[in-house]
Amino acid sequence: MGRKLLLEHINVPGINTFEVYREKGGYKAVEKAIKTMSTDDVIEEVKKSGLRGRGGAGFPTGMKWSFLAKPEGVPRYLVCNADESEPGTFKDRYLMTHIPHALIEGMIVASYALGANTSYIYVRGEMMPQIRILEKAIAEAKAAGFLGENILGSGYHLELYVQPGGGAYICGEETALLESLEGKRGNPRIKPPFPAIAGLYGCPTVVNNVESIATTVPIINIGGEEYAKIGVGRSTGTKLISASGNINKPGVYEIELGVTVEDFIYSDEYCGGIANGKKLKAVVAGGSSVPILPANLILNTINGEKRLMTYESLSDGGFATGTMLGSGGFVVFDEDQCIVRNTWNFSRFYHHESCGQCSPCREGTGWMEKVLHRLEYGHGKMSDIDLLVDVSKKIEGNTICPLGDAAAWPVASAIRHFRDEFEWHVTHPELAVKQNYGLAHYADPLPAPVEA
Amino acid sequence: MADKIKVIIDGIPTEVAPGTSILNAARQIGGDIVPPAMCYYSKLEGSGGKCRTCLVKVSKGSEKDPRPMPKLVASCRTNVMDGMEVQNITSPEVQEARKGVVEMLLINHPLDCPICDQAGECHLQDLGYKHGAEATRYEFDRRTFERIDIGDKIQLHMNRCILCYRCVYVADQITENRVHGILGRGDHAEISTYIEKAIDNDFSGNMIDVCPVGALTDKTFRFKSRVWFTKPVEAHRDCPTCSGKVTLWYKGEEVLRVTARKDQFGEVEEFICNTCRYDKKDTKDWVIEGPRKVSRQSVINSNHYEQMQPLPVVKKNLALQAANKEEFERTTKL
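From first to last, the protein sequence lines stand for chains A and B. Per the working numbering, the very first residue in the first sequence carries number -8; after that it's consecutive. Per the working numbering, the very first residue in the second sequence carries number 153; after that it's consecutive.
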């Protein structure tokens, strides 16, 4: 049984209320940080823990905090990115629904460390129930003296606000989020300047994912070094994984980084195997924007090692044979799923969510979606497959924000690994509408790597 | 003046003031190495970074940190660092990316240049000639919008728009009470006025000048003439609201339209008011300064789509040559 840090008390009745949360050891991190530690100590602890941003990019959180500019007389802000809208990822929603105080406590600790006196939680517009839950939790924390003026007699004051977004995926990009928070159109800003220098209202700002912020609580409680002992190499600690798709037990799991992918899919502790006794065909390991991998490559790396649930192991082999941990949206496909259809579906999402600011993404996402639609419904041509690869290359890396990359990667990787299936859609247009390509050779053992 | 910093663009070294963007540094050098800019406008704060045609490769970050930048960067919004080395036309990667961007800009463009008033002075046309493919690979219906009147003098053809946001910045920064902006998202995004409210402002006409394509056109000039049949003349008048420095576009004796003066990069030098633009279309309103210098490459200069190249048959026949010369002089004369 892996160690649980965030979801330890998830099954305690009433854990969403202040009383029960406090009884179970809640808000101890706030007391410890504010009473016994300086702000630099807190940042140092987080640095020691090796915590990497849980929103997708995996940038070390402690480093991000230490980059924050600290000019005199200018307010600093902490913004929590709760605009979770990546298809396949639902861990933040789960955390906010069931243990809202974990996020509030993390916000207080992180705000204290950064010297922010006003902090915001930007919640995706569709999550109205979670917004109410958070507002209630903030009111409870305030009544107990953990928020507001002079917290725990330390002279530190903090106001926490919940801001509902408009429900746009692009507002999960940090600068678009800040624009939206300022009340403007949610278009990503052109970087530099980075938010650490000029963010919200032109002031230094740190934007962190919900899980990253909540994780600072156990880090302060058990200490950064203790936390760093969990996990493998530079992937330390525990991570929430949103498992979905054709598995027996979908849901949110807290894993110690370093569990093998095979264990995660097949063990009863986690996903419990593929539903209905089917076979595994493909996995999207970190939310819709990361490259999709066939069964043989997700279980083992190209060198024949077991793939682990860590940042490094999942990206082993680069984009040629690897993927990314991303935000932990683990989507499993069984042999009955059509990769072309799924790729079209993802592409449709990115087409819908592109902000339209820069040309390659605005025009390219729509183009890819139309071509994929044509392939899926049996009107495709062989040249369409190469066209898709070419368009995705023209988008990737040429856009303002990572949405362009996120739209290009799933298409490029699906064609890289499942080209046979795309070709089958072209050669068998009538069959493609009625039935699926099936598992084919995608779970076959990998050939031994060729020595150069 | 602060110390100048060194930057090398396509092998050409130059020294610029700190805080200069790569694009402006390249413009100071001039010539072929200047990246094209569809959305950047030096007079509009915050513009740029959107169209991605000005992408360049930074092969050396700076003297202090010589690592190259991992991605191509938008030269209009990236400032130069001391010792930076930039590749524009010398990098095949940049050329390839630019070709991709131009293709993306054109897939939903109606390509109605034969009936578009902007043809001949359209930046997208120039860009298409230089970097575009011969044929489109896009086989779907192009998106279409209804034409909208923005005020009584400006017509908006959203089909032609490349969403550079320049006109939005004009509305934001030059005119008061902004009433127009972007509606919708992604490839459904469109420029519009607030509930199609007409723009009523002294300086709204400048939107037409900043528009790089034919999306915003002057209704007092629409379908009057192709621009290469008109003759630009610089003129000024004593205007109480603006500088009054304009270009008059003559066809014969008649002033067909009035625009602001544009520099070599197609940017307006000084914004002009609507009175000068729409209401003063008579030679007696203006003090004529002289003919405007137009680039040799421009179709406006040649008075034709093609350059004035005599046909092979003309080259052989002396009598025809003389007639051709006479004709050429007659047409180029005001």
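Ideal Cβ positions, reconstructed from N, Cα and C, are used throughout, including at glycine.
Quick one: grab the DSSP three-state call for A:G395.
Helix at A:G395.
Rounded to a whole number of angstroms, what is the C-alpha to C-alpha distance between B:M460 and B:P384?
Note that B:M460 has pLDDT 47, beneath the 50 cutoff, so the model's placement of it is unreliable and the number below is only indicative. Distance between the alpha carbons of B:M460 and B:P384 is about 18 Å.
Going straight from the alpha carbon of B:I267 to that of B:A287, what length do you get?
If you draw a straight line from the Cα of B:I267 to the Cα of B:A287, it comes to about 20 Å.
Min CB distance A:P351 to chain B below 8 Å
Closer than 8 Å to some Cβ of chain B, the Cβ of A:P351 qualifies, so yes.
Which residues, in chain order, does the region 252 to 282 of chain B contribute to contact with chain A at a C-beta distance below 8 Å?
Listed by position, the residues of the region 252 to 282 of chain B near chain A (Cβ gap below 8 Å) are G252, V253, E255, M256, L257, I259, N260.
B:T242 versus B:A471: straight-line alpha-carbon distance, rounded:
Distance between B:T242 and B:A471, taken at the CA atoms: about 46 Å.
Residues near A:F337 by beta carbon distance below 6 Å, same chain, minus five either side
S279, P401.
Along chain A, which residues have their Cβ under 7 Å away from the Cβ of B:F292?
Taking a Cβ-Cβ cut-off of 7 Å, the neighbours of B:F292 in chain A comprise K361, given in sequence order.
Within chain A, partners of B:K487 - CB distance below 7 Å
In the structure displayed, chain B extends from 153 to 486; residue 487 of chain B sits before or after that span and is not available.
Which residues in chain B sit within 9 Å of A:R123, going by Cβ to Cβ distance?
Taking the beta carbon of A:R123 as reference, no residue of chain B falls within 9 Å; the closest one sits roughly 27 Å away.
In the DSSP assignment, the beta strand (DSSP E) including A:K361 goes from what residue to what residue?
Careful: A:K361 lies outside any beta strand (DSSP E), inside the alpha helix (DSSP H) at 350 to 367.
Within-8 Å CB hit, A:W358 to chain B:
For A:W358, the answer is yes, since a Cβ of chain B falls inside 8 Å of its Cβ.
Residue-chain proximity (A:L378, chain B), Cβ-Cβ < 8 Å
Yes, because at least one Cβ of chain B sits closer than 8 Å to the Cβ of A:L378.
By alpha-carbon positions, which one of A:I386, A:R407, A:S76 ends up nearest to A:F310?
With distances taken between Cα atoms, A:F310 lies closest to A:R407.
Going by the DSSP bridge assignment, what does B:T368 pair with across the sheet?
It should be pointed out that residue 368 of chain B corresponds to Leu in this sequence rather than to Thr. DSSP output for B:L368 lists B:L308 as bridge partner(s).
Do the CB positions of A:C262 and A:K297 come within less than 8 Å of each other?
Taking 8 Å as the cut-off, the Cβ atoms of A:C262 and A:K297 do not count as close.
Could you spell out where the alpha helix (DSSP H) holding B:N176 opens and where it closes?
For B:N176, the enclosing alpha helix (DSSP H) has its first and last residue at 174 to 181.
Measuring alpha carbon to alpha carbon, tell me which of B:K371, B:R294, B:G200 ends up nearest B:R409.
Here the closest residue by C-alpha is B:K371.
Between the region 399 to 410 of chain A and chain B, which residues of the former have CB atoms less than 7 Å from a CB of the latter, in chain order?
For the region 399 to 410 of chain A, the beta-carbon criterion of a distance under 7 Å to any beta-carbon of chain B is satisfied by none of its residues.
Taking one C-beta from the region 265 to 278 of chain A and one from the region 314 to 332 of chain A each time, how about it: are there three or more such pairs within less than 8 Å?
At 8 Å Cβ cutoff, the stretches touch.
Can you find a CB in chain A that lies within less than 8 Å of the CB of B:Q459?
Legend: pLDDT at B:Q459 = 45, less than 50; position of this residue unreliable, value from coordinates given subsequently. So no, B:Q459 is outside the interface.
For A:Y103 versus A:N72, is the C-beta spacing smaller than 8 Å?
In this structure, A:N72 does not lie closer than 8 Å to A:Y103 by Cβ.
In terms of residue numbering, what span does the beta strand (DSSP E) encompassing A:C71 cover?
A:C71 -> beta strand (DSSP E) spans 68 to 73.
Using CA atoms only, rank isn't needed, just tell me which of B:N469, B:L400, B:T411 is closest to B:K436.
Ranking B:N469, B:L400, B:T411 by Cα distance to B:K436 puts B:L400 first.
Among B:E405, B:V407, B:E422, whose alpha-carbon lies nearest the alpha-carbon of B:R413?
Comparing Cα positions, the closest option is B:E422.
Suppose the cutoff is 7 Å on Cβ atoms and the five residues either side in sequence are ignored; what does the same chain contact list for B:E441 look like?
Only E386, A387, H388 meet the Cβ criterion.
Along the chain, where does the beta strand (DSSP E) containing B:Q325 start, and where does it finish?
Run containing B:Q325: none in the beta strand (DSSP E); it sits in the alpha helix (DSSP H), 318 to 325.
Does A:G347 get closer than 8 Å to chain B when you measure Cβ to Cβ?
The Cβ of A:G347 sits closer than 8 Å to at least one Cβ of chain B.
Residue range of the alpha helix (DSSP H) that A:W56 falls in?
Residues 52 to 57.
Name the chain B residues whose beta carbon is nearer than 8 Å to that of A:E354?
Going along chain B in sequence order, the residues near A:E354 (Cβ under 8 Å) are M256, L257, I259, N260, D339.
Could you tell me which uninterrupted beta strand (DSSP E) segments, each at least 3 residues in length, are contained entirely in the region 210 to 274 of chain A, listed from first to last along the chain?
Counting only runs of 3 or more, we get 229 to 236, 242 to 247.
So B:R229 contacts chain A; which residues on that side make the cut at Cβ distance below 8 Å?
Going along chain A in sequence order, the residues near B:R229 (Cβ under 8 Å) are I181.
Between the alpha carbons of A:F324 and B:F292, how many angstroms are there, rounded?
A:F324 and B:F292 have their C-alpha atoms some 31 Å from each other.
Rounded C-alpha distance that separates A:F185 from B:A226:
Approximately 16 Å between the Cα atoms of the pair.
Please report the Cβ distance between B:G357 and B:N426, rounded to the nearest whole angstrom; I am assuming they are in contact, meaning their Cβ atoms lie under 8 Å.
By a beta-carbon distance limit of 8 Å, B:G357 contacts B:N426. Their separation comes to about 5 Å.
Kindly indicate which three-state DSSP category A:Y147 falls into: helix, strand or coil?
Looking at A:Y147 - three-state DSSP - the assignment turns out to be coil, as it is neither helix nor strand.
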